Amino acid sequence: MNRWVRISLGLIGVGLLLVVWALAASQQPEYVFPGPIPTWYAWLELYQGGHLITPLLTTLIRALIGLGLAISVGVLWGALSAFSTVFDVIFRSWLILLLAIPPIVIVVIAMLGFGPSPPVVLTVVFLVTLPLIANTTRDAIAGVDIDLLEMARALNRKPWWRWRHVITPSVLPPLLTAIAVATGHSLRITVMAELLSTATGIGAEVQLARNNLATAEVFALALTLALMTAILDLLLLRPLRKKFGGFSAISNKGMNNV
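Residues 33 to 290 (this note's numbering) make up the sequence shown, in order.
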């Protein structure tokens, strides 16, 4: 399927979504379920009033900082778990605990420690996305082809070479997929934490709109966040996945030619 066909089908999907949305909204009062047109006007008011760009940037920065910390710690954690059974057995229960605790509970606990402040948001994003990155890294490293590693050792390849041509190409594709999932998740978690703990960011704007019964503004903010997540995936994460997917294929071809 060529590019223009994909774009056309995507636009058809968006159009159908707008039609379904408008039909559903026509059966409800605007303050309960606003349609596309009221939502668009609400978006324009938010933009012109300065209640969109600055809060959006604030939310994005918080989400990316929290996600960056989770990636840094999670990759190291996952690598240690893959290479050390003792480390994995000792600390796996920590990841299970983090997966089991609802994010809202982490928000409440963080607020007890930090008060209603931005560190709460960073803490929640970090703790919620950390298990996904750590588990993915551990499983990806554990799934590296043992035969390729043994071949590299038999040919007296140095450790850095094995990392470059065997381990990294196997680990990057699933890790980048996990990061793509975690990016969208971190933005949603950031908004939830902001709604409960701060007076700035998209979450705080959602809370203000809810208090004012401005449902169209809530929809406009939600769509803005969804659009931003899609843009991040399209312009950053998808090119990375394509690049390193090709890198994986080239590295495997190089191993076969050794």
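The beta-carbon is built from N, C-alpha and C at its ideal position, and this holds for glycine as well. It should be emphasised that the depicted structure is a prediction, and the values quoted were computed from it without experimental measurement.
Where residue i sits in the DSSP three-state scheme
i, result
"Asp177", "coil"
"Ala241", "helix"
"Lys275", "helix"
"Ala258", "helix"
"Thr230", "coil"
Sequence-distant residues of its chain with Cβ nearer than 6 Å to residue i (five each side left out)
i, result
"Thr232", "Thr90"
"Gln163", "For the sequence presented, residue 163 should be read as Pro rather than Gln. Contacts found: Leu127, Leu130, Leu131."
"Thr71", "Ala248, Phe251, Ala252"
"Phe115", "none"
"Ser283", "Bear in mind that the predicted position of Ser283 carries a pLDDT of just 47, short of 50, making it too unreliable to give a figure here."
Proximity of residue i and residue j at Cβ, strictly below 8 Å
i, j, result
"Ser202", "Ala172", "yes"
"Thr261", "Gly216", "yes"
"Val107", "Thr169", "yes"
"Leu88", "Thr256", "yes"
"Leu99", "Ser218", "yes"
Element boundaries [alpha helix (DSSP H), containing residue i]
i, result
"Ala54", "35-57"
"Glu77", "68-80"
"Asp265", "Unbroken run through Asp265: none, as it is neither H nor E."
"Ile85", "85-115"
Residue nearest to residue i in terms of C-alpha spacing, selected from the options
i, options, result
"Val176", "Ile44, Leu204, Val51, Leu253", "Leu204"
"Leu264", "Arg196, Leu92, Glu182", "Leu92"
Same chain, Cβ closer than 8 Å to residue i, five either side skipped, listed in chain order
i, result
"Leu49", "none"
"Thr247", "Glu62, Tyr63, Val64, Phe65, Pro66, Ala241"
"Val250", "Val238, Ala241, Arg242"
"Ser280", "Because Ser280 carries a pLDDT of 49, less than 50, the predicted location of this residue cannot be relied on, and no value is offered for it."
"Trp53", "Gly67, Pro68"
Cβ neighbours of residue i in the same chain (closer than 7 Å, five flanking residues each side left out)
i, result
"Ile221", "Pro135, Val156, Val157, Val160"
"Leu95", "First, the amino acid is wrong: residue 95 is Ala here, not Leu. Cβ within range, chain order: Val157, Ser218, Leu219, Thr222."
Distance cut-off 7 Å: residue i Cβ against heavy atoms of the ligand GTP
i, result
"Pro205", "This structure lacks the ligand GTP; in fact it carries no ligand of any kind."
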